[in-house]
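S.K.:
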Amino acid sequence: MRQVMVAGNWKMNGSRDSVRQLIDGIKTGVSGVKAEVVVCPSYVFIPGVADAIAGSGIQLGAQNMCDQDAGAFTGEVSGAMLKDFGVNYVIVGHSERRSLYGETDGVTAVKYTAALRHGLKPIFCIGETLEERESGITESVIARQLDAILEAEGVASLANAVLAYEPVWAIGTGKTATPAQAQEIHAFIRNKIAGLDVGIAVGLRILYGGSMNPGNAAELIAQPDIDGGLIGGASLKADDFLTICKAGG
Ligand code: 13P
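Sequential numbering of the sequence shown, starting at 250, is according to the working numbering.
Written out as structure tokens, the structure is:
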């Protein structure tokens, strides 16, 4: 059985005060939650959040990382630095990185490789734009995005990674994919991986992301191939996030 995972992608939000309140609120309500709970703060909040969650079972993730290990890369943060602060997961290939910061499939693949090299588990994001969906090329877009990491690291690498299907048109729009729409793509992803290695496909967690909230999380996570969520806006309110964390049972 795959353990449900709920990861909060806080994006570029928060202050020292609001982050302290948020993490304290999550900590207060997290005991007894069966899902694996992950929070992904901005880099500057990682040391404080790492201290705050010690012993709570909450896992720490980063939202991005550099593909290089060390040296003259102004403004970048390495996988080794993240590991040093207790980070276990790193989001790679988020659609905002792809669309706003020019991350190509090639860039996502080298970052995926770098994460694995440092013992970080990538949460690798894939998903189509509205235009791509309306042109009927959703599956080929997702296959192409997946092929970038499969060609770089092979299917076995997914034993140490998580996938997140995030349709771009559902991110931050309040327009969630229906459970059926999401399940269809999650099944496509799992079948594609199963074509390469059935054991890896069965164990692989595929999260849904895109306007998941306390009202729709349970129905989405109940789908056979949806193993949790990658949550943006609703992860910034402790109560909402905790409700989603409990949605998988
Ligand atoms: P929202 O939950 O705000 O739609 O964001 C989803 C997302 O991008 C998570 O990575």
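Even for Gly, the Cβ is constructed at its ideal location relative to N, Cα and C.
#1: Helix, strand or coil for E325? Go by DSSP, reduced to three states.
#2: Using a 10 Å radius around the Cβ and a threshold of 16 neighbouring Cβ atoms, would you call G310 buried or exposed?
#3: Can you tell which of I470, T425, Y338 has its C-alpha closest to the C-alpha of A299?
#4: Can you check DSSP and say which residues form a bridge with N258?
#5: Taking G481 as the reference, give the member of V447, D474, T425 with the closest Cα.
#6: Quick one: complete beta strand (DSSP E) runs, 3+ long, within the stretch 366-410?
#7: Looking only at C-alpha atoms, which of Q308, L453, N462 sits nearest to L412?
#8: Quick one: residues in its chain with C-beta nearer than 6 Å to the C-beta of R439, no 5 flanking neighbours on either side, listed in chain order?
#9: In its own chain, which residues sit with a C-beta less than 6 Å from the C-beta of N462, not counting the 5 before and 5 after it?
#10: Tell me where the beta strand (DSSP E) around L456 begins and ends.
#11: So, with DSSP's three-state summary, where would you put I302?
#12: Provide the residue span of the beta strand (DSSP E) that contains G477, from first to last.
#13: With DSSP collapsed to three states, give me the class of Q252.
#14: Under the rule that 16 or more other beta-carbon atoms within 10 Å means buried, what is N313, buried or exposed?
#15: Looking at C-beta atoms only, is the number of pairs between the stretch 486-497 and the stretch 272-281 that lie closer than 8 Å three or more?
#16: Thinking C-alpha only, which one of K441, A496, G444, L485 is nearest A467?
#17: Just confirm the distance between the C-beta atoms of Y414 and G376, as a whole number of angstroms; I'd bet it's less than 8 Å.
#18: So who's on the other strand from Y338, going by DSSP bridges?
#19: Throw me the rounded Cβ distance for the D476 and L456 pair, which I believe falls under 8 Å.
#20: Where does P296 land, buried or exposed, given buried means 16+ other C-beta within 10 angstroms?
#21: From which residue to which residue does the alpha helix (DSSP H) around A419 run?
M.R.: So, to answer that:
#1: Here E325 carries a coil assignment [DSSP, helix/strand/coil].
#2: By the beta-carbon neighbour count (other beta carbons within 10 angstroms, threshold 16), G310 is buried.
#3: Y338
#4: Listed as beta-bridge partners of N258 by DSSP are C289.
#5: T425
#6: 370-375
#7: L453
#8: A450, D474
#9: Hits under 6 Å: A483.
#10: 455-458
#11: helix
#12: 477-480
#13: coil
#14: buried
#15: yes
#16: A496
#17: 6 Å
#18: G310, K370
#19: 6 Å
#20: exposed
#21: In the DSSP annotation of this structure, A419 is not part of any alpha helix (DSSP H), being labelled neither H nor E.
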